[in-house]
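K.L.:
Letter by letter, the sequence shown follows residues 1 to 376 in full-length UniProt numbering.
Attaching a single structure in structure tokens format; questions to follow.
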Amino acid sequence: MSSIRPWRDIERRKSRQIMVGSVPVGGDAPITVQTMTNTLTSDAKATIEQIRRCEDAGADLIRVSCPDVESTAAFREIVRGSRVPLIADIHFHYKRALEAADAGAACLRINPGNIGSSDRVAEVVRAAKANGCAIRIGVNAGSLEKHLLEKYGEPCPDALVESAMDHIKLLQDHDFHEYKVAVKASDVFLAVAAYQGLADAVDCPLHLGITEAGGLIGGTVKSSIGMGMLLWSGIGDTLRVSLSAEPEEEVRVGFEMLKALGLRTRGVRVVSCPSCARQGFDVIRTVEALEERLQHIKTPLSLSVLGCVVNGPGEARETDIGLTGGGNGKHMVYLSGVTDHTVQSESMLDHIVSLVEAKAAEIEAANAAQEAVAAE
Numbered sequence: 001m002s003s004i005r006p007w008r009d010i011e012r013r014k015s016r017q018i019m020v021g022s023v024p025v026g027g028d029a030p031i032t033v034q035t036m037t038n039t040l041t042s043d044a045k046a047t048i049e050q051i052r053r054c055e056d057a058g059a060d061l062i063r064v065s066c067p068d069v070e071s072t073a074a075f076r077e078i079v080r081g082s083r084v085p086l087i088a089d090i091h092f093h094y095k096r097a098l099e100a101a102d103a104g105a106a107c108l109r110i111n112p113g114n115i116g117s118s119d120r121v122a123e124v125v126r127a128a129k130a131n132g133c134a135i136r137i138g139v140n141a142g143s144l145e146k147h148l149l150e151k152y153g154e155p156c157p158d159a160l161v162e163s164a165m166d167h168i169k170l171l172q173d174h175d176f177h178e179y180k181v182a183v184k185a186s187d188v189f190l191a192v193a194a195y196q197g198l199a200d201a202v203d204c205p206l207h208l209g210i211t212e213a214g215g216l217i218g219g220t221v222k223s224s225i226g227m228g229m230l231l232w233s234g235i236g237d238t239l240r241v242s243l244s245a246e247p248e249e250e251v252r253v254g255f256e257m258l259k260a261l262g263l264r265t266r267g268v269r270v271v272s273c274p275s276c277a278r279q280g281f282d283v284i285r286t287v288e289a290l291e292e293r294l295q296h297i298k299t300p301l302s303l304s305v306l307g308c309v310v311n312g313p314g315e316a317r318e319t320d321i322g323l324t325g326g327g328n329g330k331h332m333v334y335l336s337g338v339t340d341h342t343v344q345s346e347s348m349l350d351h352i353v354s355l356v357e358a359k360a361a362e363i364e365a366a367n368a369a370q371e372a373v374a375a376e
């Protein structure tokens, strides 16, 4: 059956599916959102506390750097304290991968350019097999193998893809197939071209990222341009937004990216205007407050917040709950696209929050009833 809105359709690239712990990646599984801790891994308490904040933000998978023996020693406790599968990030010393696999890592992230010889990669593969770990091959433009830099003269799409293919072959030669691949670069053009080339060459899941993207605003824009292009074309099975910001912010940006493309829904999707002199209330401050106060809502629903009647009623027709600014501090509230009642400025925030919470509870109750009927 053809879609009634074909301009919104995204046909995802067909990839085979792997398991990262209990989380499926690739195939028809939802695109997963990852982040990475930035606490000292040797400080298990601080790392678990940060993991908990990322879990609350919706992270499906969390990566933890294991640079030294103290980190892998603490990693076992961190695994026990996490509700989501953990990925051990390994650089330079392959023995950390062996230790992390034994400590309960669901996946080992290795950078072929700095992990060492093929014999060492083979040892990592054996440890992954023995412990049921997946592997993520992390090719990065900033750490390509020396022979590829000599061959191509600089990091380029072909060099990144060739590096990935070389290490895929090494895993396959050891009869290991539970892997996903990333070909990251801080240059958006380079990263997108590399992912496009790799997507045509392999059937494994792809992990998307624009590495070292920048701060919260700049990095969000850069990541959205690069990963947005790839996701829109159907490429990508899991992603991490690399920001110089708290890890939970990376998770929120990742979900907003997927929500914007209709690829995944979680929490409240806010439609709001940039505000102007026509606004009946302070739109900017209102949206900031609502986004903060509604972070605990995980149920997918939509909320429009517009300052005046120019576009407010039209947007409200398309959202679960709508708020449109009116005169004299009296604003219109829409429920399921229909004009319902008014609210005064002084009680507006609390009122909208309570409406969203009630709508989320209603949706959850309806979903639970449907599941109960299906189970009978």
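Glycine residues also receive a C-beta, built at the ideal position from the N, C-alpha and C atoms.
(1) Which whole runs of the alpha helix (DSSP H) in the stretch 32-64 are 4 residues long or more, in chain order?
(2) Compute the Euclidean distance between the alpha carbons of R53 and E256, then round it to the nearest angstrom.
(3) P85 by DSSP, collapsed to three states: which one?
(4) State the Cα-Cα distance for the pair V84 and L243, rounded to the nearest angstrom.
(5) May I have the straight-line CA-CA distance separating S223 from E248, to the nearest angstrom?
(6) Secondary structure at I321, three-state DSSP: helix, strand or coil?
(7) Would you call the stretch 280-296 and the stretch 91-101 in contact, with 3 or more CB pairs under 8 Å?
(8) Might you give, ordered along the chain, the residues of its own chain that have their beta carbon closer than 8 Å to the beta carbon of D43, omitting 5 neighbours on each side?
(9) So what's H91 in DSSP terms, helix, strand or just coil?
(10) Just list the alpha helix (DSSP H) runs in the UniProt domain "IspG C-terminal" (270-357), keeping only unbroken ones of 4 residues or longer that don't cross its boundaries, in chain order.
(11) So what's V221 in DSSP terms, helix, strand or just coil?
(12) Taking E212 as the reference, give the member of I363, A185 and I297 with the closest Cα.
(13) Pick from I115, A182 and L148: whose alpha carbon is nearest that of I137?
(14) Can you list, in chain order, the residues of its chain whose CB lies under 7 Å from that of A358, leaving out five sequence neighbours each side?
(15) Kindly indicate which residue of E99, R63 and L98 has the alpha-carbon position closest to the one of S82.
(16) With a threshold of 8 Å, are at least 3 pairs of Cβ atoms found where one atom belongs to the stretch 269-281 and the other to the stretch 234-242?
(17) Please name the residue or residues paired with A134 in a DSSP beta bridge.
(18) Cβ of M165 within 8 Å of any heavy atom in the ligand GTP?
P.N.:
In this structure, then:
(1) List check, alpha helix (DSSP H) in window: 44-57.
(2) Here residue 53 refers to the residue found at position 53 when the sequence shown is read from its first residue. Here residue 256 refers to the residue found at position 256 when the sequence shown is read from its first residue. Taking the straight line joining both Cα atoms gives about 17 Å.
(3) What you label residue 85 is simply residue 85 of the sequence shown in a count that begins at 1. Under the three-state reduction of DSSP, P85 is assigned to coil, being neither helix nor strand.
(4) As a working note, residue 84 is residue 84 in the sequence shown. As a working note, residue 243 is residue 243 in the sequence shown. Straight-line Cα distance between these residues: approximately 21 Å.
(5) Position 223 of the sequence shown, counted from the start, is the residue given in the question as residue 223. Position 248 of the sequence shown, counted from the start, is the residue given in the question as residue 248. Distance between the alpha carbons of S223 and E248: 16 Å.
(6) Position 321 of the sequence shown, counted from the start, is the residue given in the question as residue 321. I321: strand per DSSP, three-state reduction.
(7) With contact defined as three or more Cβ pairs closer than 8 Å, the stretch 280-296 and the stretch 91-101 are not in contact.
(8) Looking up residue 43 in the sequence shown gives position 43. A74.
(9) Within the sequence shown, numbered from 1, the residue matching residue 91 stands at position 91. In the structure shown, H91 falls within a coil segment according to DSSP collapsed to helix, strand and coil.
(10) The qualifying runs are 283-293 and 312-316.
(11) Against the sequence shown, residue 221 aligns to sequence position 221. Reduced to three states, the DSSP call for V221 is helix.
(12) Translated into positions along the sequence shown, residue 212 becomes position 212. Per the C-alpha coordinates, the member of I363, A185 and I297 positioned closest to E212 is A185.
(13) Within the sequence shown, residue 137 is the residue found at index 137, counting from 1. Measuring from the Cα of I137, the nearest candidate turns out to be A182.
(14) Taking the first residue of the sequence shown as position 1, residue 358 is located at position 358. Excluding positions up to five away in sequence, the list is empty.
(15) Residue 82 sits at position 82 when you count from the first residue of the sequence shown. For S82, the closest alpha carbon among the candidates E99, R63 and L98 is that of R63.
(16) No: the two stretches stay apart, fewer than three of their Cβ pairs being nearer than 8 Å.
(17) One-based indexing of the sequence shown puts residue 134 at position 134. Answer is C107.
(18) Summarising the ligand content, the structure contains no ligands, and the ligand GTP is consequently not present.
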